[in-house]
Every structure is written in structure tokens, then in C-alpha cells.
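Chains as they are written, first to last, in our numbering: chain S, 12 to 150; chain U, -3 to 356.
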């Protein structure tokens, strides 16, 4: 079994990898982002980034977490309806700056961590990059 | 008793806006706080208001050193959405341009590192070498910085004088092998300023997820040209230099060896350059709905673009750019811990930071 094949089993997910747009995608259902980060550490995947999207109307946000595993780009989408998701900073220190940037640009709270200003001045308004995705793209 | 020394935001080591607060005890750095965002431009947001022609010109301006890499990554991300594939000749030209850009970036960095070491003769030598690469880039593209070479579906300009590129590569290789590498590795100035300084252990490099030469100088053999080849890299033979020490000297050596590998790649690409078209000839594209992602090994490490488009839309719905300095820079904190304050400009410069990329 390859490390890629082992990930859904480790996470107890019945979904399989779907390859689209250069990324191996896996929908995790109810599995949380902290369990995902722990599993990624276990297979020694390298964290790359989180891409944030504001969904149309009141649908919330989609956060796509990306890791690299032996040259394969992995993607894990999470949809959040409230402006909050668990931080993985303590499990995966490499997320520090991108969590801070998304917090400032989209006003999303990564629960369980403290922030220092990264791009904005202290006290500046959060959510400077808010822009809804068109419904068709958000699907 | 500890005290804080602010360095920056005006040119703390390099001529770019960032700030490091060094927490020192005596001359020894105990910790550091890093601050960016002094010149944040909101380019991702701006990209959502630009069409596919304008966005290529816009993304070229994310970085002045690796401007080609940014448009290459963007075009590689846009091409599947537009149903395009660059012709074989365009893929080879992309390799040649990307490696020329790596040459000038690494030689520029070597010059700046030499200057920070107080080794100004070597600074002048490196900048003279860099000019030769810049002349070739200008001869190919007409420009010294923003080359306007990439477009969705290929490149805009052909390589018409491969002999000139080969002559430059041979001269650069000879100068690197006979002058730059021996002096950097044997001179007491370089050794005393670089060896054992600013160490990033393999363990820390893994946890910080650093990329490019910074990772390879800490014993991590990752390189997208090898692990996830794009353009024509899968058809070319090259080595990925790795050094285990994790200090400034290792980062210097990795880049020096990568210059030699880039020369090897350019020579091979010129030999194998296939005939044919340099682009698909399309100038009006129809984008399908979806998101596409591309990654490229820039001189400083991995660049990633995610591009989302809605069918029929004039502009992208979202463009996300992950630049190498954005992940390499936090590692400076671990490199300067325990270092002498006087070494910190060279240590921060040793990651070859780009704040234009970071403040995208």
C-alpha cells in the first residue's frame, strides 16, 4: 500500500482520492482538520498552504488545505459556516503565517491560538480580501 | 538581562522592507520576532479584477527576480482551464528561461552574500557574471526584468541564437568552477563568516516546511523539477545538490552547485530543442468552470498558484499565490537563535528572501 492509499484508512474515510486540476482531492466528511494534520505528520507529508474562498450568500467559507507527499499535491476541502475552525499551529508549525494571513484577510478565527499582526497594523479592520465566489465556481 | 534591537523596516540587511526584532543577551541573539506587510499590495485581490491578458502582466510583477517563474506557474494553472497545452518547443523554451532566471538569481544572491561578508571583490565578480546572464535574457525577450515571455498555451518569443546562450553558459561555468566556488569554499573570510553560522537542523527544516535551497541545505532532497516535473524537465538529466549541515555555508554551496546544474540543463535543453510552434496560436480563450493548481521550482523554492474561473467570465474568480519566502522566512527565527548579532544580516540574507513576493 502506498502512503497516498494509506491516508483515507488512517483517517477512517470511505471516500477515495479524486484527481482534478492538478490536485489529489479527498473529502473528509466529519473528520476534523486536527486529525488530518496529525495524519499528515505521520506520513511525513510537507505542508504547503491553505487557500481560502468566500462562498456565495451565507454559505460561509471553504478552506483548502494542501500538503505535498512525494511530489503529489494533496488537497482537503473544509467548509465552515461560522467564521471559525480549529488551528493546527501546535501540530504543524508551518501553518503559522498562512493562518495569520487568512485571519486578517477573511476575518476567520483559527481557534486555539494567539495572533500577532502579520500584514495589517495592530487594530486594523479584518477581512480586507473578502470577495464572494460566483455560485458556479463554488460548487 | 535581555534587550531588544529592532532591525528594519528600512533595509535591515537587504534593500527591502521588513523588520526583525532581535532579543539579545550581550552579543548573543536569544530570539527574534519577524514583521512583514510594510509594502503589501493585495495582488491576489487585484487579480480578480483583471482578464487573462492583464493578469499575466500583473503576476509578472509579484517578483522582480523570478518574474518568469510567476507567469509560468500562472499560465500552467490557466492552461487546463482553457483546454490548452503548450507545444513541445515552448516547454523547452520555458525550461531555458527558468534556468537562466535561476542563474541570475543565484549569482545575484552570491554577490549580495559576499557583500554582507565584507568580501566586496567577490561581490563585483558575481555582479559581472550576472550581467552576462541579464544580457542573454534581454537578447531573448527584449527585457531585463519583466520578460513577457509566457502566455496561456506557450511563449511569446522564440530562441533564435542558441549559440550565444551556449557561449554565455560556458563562460559562466568556467568562472564558477575556477573562481567563485573555490574562493567561497576555501577563503578564510568566507569560511569564518559562513561555516557553522545560522544552522537550521533537518528536524526544524521539516517542521517549518521550508522549500528550495534552504531545505536542500538542511539535508532535504526535495525539488519539484524532479518529484513533480513540469515543462520539459522530465526529459532532462540533472542532479539535485543536497548538503546536510544546514548552515550559511551549506546554503551557499547548494546554490553554487545548482548554478552548475542549471548550466547543464540549459545545454541539454538547447541540444534537444524541438522544432515547431512556440504557442498554440490562440488569442481568445474560453475558460471552463473550475479550479486548477500549478507548482514550479523557483530559484528560492516552490511557488504555487491556484486559479479559479467561472465559464464565460472575463476575470478569474480567485487567484491564490504561495511564494517560497512566505514559508522560508519564519525559519529565520530558528537560524538566529544563539547566533552573534553581527552575523544576523548574513543569516537572514542566506535564505535569499524576497519581500516583493511575500508582500504580494
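Cβ coordinates follow ideal geometry from the N, Cα and C atoms, glycine included.
None of these values were measured; they are calculated from a predicted model.
Is the stretch 314 to 332 of chain U close to the stretch 221 to 241 of chain U, with three or more CB pairs under 8 Å?
-> Contact fails: fewer than three Cβ-Cβ distances are below 8 Å.
Does the distance from the CB of residue 91 of chain S to the CB of residue 122 of chain S come in under 8 Å?
-> Cβ distance not < 8 Å, so residue 91 of chain S and residue 122 of chain S don't count as in contact.
Of all the residues that make up the stretch 105 to 132 of chain U, which are near chain A by a beta-carbon distance shorter than 9 Å?
-> In the displayed structure, chain A is absent; the protein chains listed are S and U.
Please work out which residues of its chain come closer than 7 Å, Cβ to Cβ, to residue 88 of chain U, disregarding the five sequence neighbours upstream and downstream, and give them in chain order.
-> Spatial neighbours of residue 88 of chain U in its own chain (CB-CB distance under 7 Å, excluding positions within 5 residues in sequence) are listed in chain order as 228, 265, 268, 269, 270.
Near-chain U residues of the stretch 96 to 111 of chain S (beta-carbon distance less than 7 Å), N- to C-terminal order | Answer in chain order: 104, 105, 107, 108.
For residue 78 of chain U, I'd like the list of residues in its chain whose CB is within less than 6 Å of its CB, leaving aside the five on either flank, ordered along the chain.
-> 148, 281, 283, listed in sequence order.
Considering only the beta carbon of each residue, do residue 37 of chain S and residue 53 of chain S sit closer than 8 Å?
-> With a cutoff of 8 Å on beta-carbon distance, residue 37 of chain S and residue 53 of chain S are scored as not near each other.
Are the Cβ atoms of residue 296 of chain U and residue 275 of chain U separated by less than 8 Å?
-> No, the pair does not count as a contact, with Cβ atoms beyond the cut-off.
What's the gap between the Cα of residue 312 of chain U and the Cα of residue 320 of chain U?
-> Take the alpha-carbon of residue 312 of chain U and the one of residue 320 of chain U: they are about 23 Å apart.
C-beta neighbour in chain U for residue 38 of chain S, strict 8 Å = The beta-carbon of residue 38 of chain S is placed no less than 8 Å from the nearest beta-carbon of chain U.
Residue closest to residue 306 of chain U, alpha-carbon to alpha-carbon, out of U/298, U/322, U/288 = The shortest C-alpha separation from residue 306 of chain U is found at U/288.
Straight-line gap, residue 76 of chain U to residue 285 of chain U (C-alpha atoms, nearest Å) | The straight-line gap from Cα to Cα measures roughly 11 Å.
Could you work out which residue in U/60, U/91, U/72 is closest to residue 440 of chain U when comparing CA atoms only?
-> Within the shown structure, residues of chain U are numbered from -3 to 356, placing residue 440 of chain U beyond reach of any answer.
Cβ of residue 117 of chain S less than 8 Å from any chain U Cβ?
-> No - not a single Cβ of chain U is within 8 Å of the one on residue 117 of chain S.
Taking the continuous beta strand (DSSP E) assigned at residue 121 of chain S, which residues delimit it?
-> Counting along the chain, the beta strand (DSSP E) containing residue 121 of chain S begins and ends at 120 to 122.
For residue 153 of chain U, the nearest candidate out of U/221, U/272, U/342, U/254 (CA to CA) = For residue 153 of chain U, the nearest C-alpha among the options comes from U/272.
For residue 81 of chain S, which three-state DSSP category applies?
-> Judged by DSSP in its simplified three-state form, residue 81 of chain S adopts coil rather than helix or strand.
Check residue -3 of chain U in the structure and name its three-state DSSP category.
-> Assigned with DSSP and collapsed to three states, residue -3 of chain U falls in coil, not helix or strand.
DSSP three-state call for residue 238 of chain U: helix, strand or coil?
-> Residue 238 of chain U: coil per DSSP, three-state reduction.
Shortest alpha-carbon distance to residue 74 of chain S belongs to which of S/83, S/87, S/80?
-> When each option's Cα is compared against that of residue 74 of chain S, the closest is S/87.
Under 9 Å between beta-carbons, which chain U residues line up against residue 67 of chain S? List them in chain order, please.
-> Those do not exist, as residue 67 of chain S stays about 11 Å from chain U at its closest Cβ, beyond 9 Å.
Close Cβ partners of residue 34 of chain U (< 6 Å) along its chain, the five nearest in sequence each way excluded | Once the five neighbours on either side are set aside, the close Cβ partners of residue 34 of chain U are 5, 13.
Residue 93 of chain S, buried or exposed, once every other Cβ within 10 Å from all chains shown has been counted against 16 = Note on residue 93 of chain S: under 16 other CB atoms within 10 angstroms of its CB, so exposed under the neighbour-count rule.
Among U/90, U/150, U/199, U/58, the one whose alpha carbon lies nearest that of residue 261 of chain U = Check the Cα spacing between residue 261 of chain U and each of U/90, U/150, U/199, U/58: the tightest is with U/90.
Closest to residue 221 of chain U by CA distance: which of U/254, U/214, U/316 is it?
-> Out of U/254, U/214, U/316, U/254 has the C-alpha closest to the C-alpha of residue 221 of chain U.
Chain S beta carbons: is any one of them nearer than 8 Å to that of residue 190 of chain U?
-> No, because no Cβ of chain S sits closer than 8 Å to the Cβ of residue 190 of chain U.
Spatially closest choice to residue 190 of chain U from U/336, U/29, U/25, by CA coordinates = Taking the Cα of residue 190 of chain U as reference, the smallest distance to any Cα among U/336, U/29, U/25 is reached at U/336.
Chain-order list of residues whose beta-carbon lies under 8 Å from that of residue 20 of chain U (same chain, five-residue window excluded) = The answer, listed in chain order, is -2, -1, 0, 1, 26, 337.
Which same chain residues, not among the five before or five after residue 9 of chain S, have their C-beta less than 7 Å away from its C-beta?
-> An answer regarding residue 9 of chain S cannot be provided, because it is not within the stretch 12 to 150 covered by chain S.
Residue range of the unbroken beta strand (DSSP E) whose run includes residue 317 of chain U = That run of the beta strand (DSSP E) goes 314 to 318.
Mind pulling the chain S residues with CB within less than 9 Å of residue 223 of chain U?
-> Neighbours of residue 223 of chain U on chain S, chain order: 79, 81, 82, 83.
Is the beta carbon of residue 70 of chain U less than 8 Å from the beta carbon of residue 100 of chain U?
-> At the C-beta level, residue 70 of chain U and residue 100 of chain U stay beyond 8 Å of one another.
Reduced DSSP category for residue 232 of chain U - H, G, I as helix; E, B as strand; rest coil | Under the three-state reduction of DSSP, residue 232 of chain U is assigned to coil, being neither helix nor strand.
Which parts of the stretch 19 to 45 of chain S are runs of the beta strand (DSSP E), unbroken and 3 residues or longer, counting only runs that do not cross its ends?
-> Assignment of beta strand (DSSP E) within the stretch 19 to 45 of chain S, counting only whole runs of 3 or more residues, yields 29 to 31, 34 to 36 in chain order.
Any idea what DSSP makes of residue 184 of chain U, helix, strand or coil?
-> Helix at residue 184 of chain U.
Can you tell which of U/209, U/174, U/114, U/252 has the C-alpha that lies nearest to the C-alpha of residue 184 of chain U?
-> Measuring from the Cα of residue 184 of chain U, the nearest candidate turns out to be U/114.
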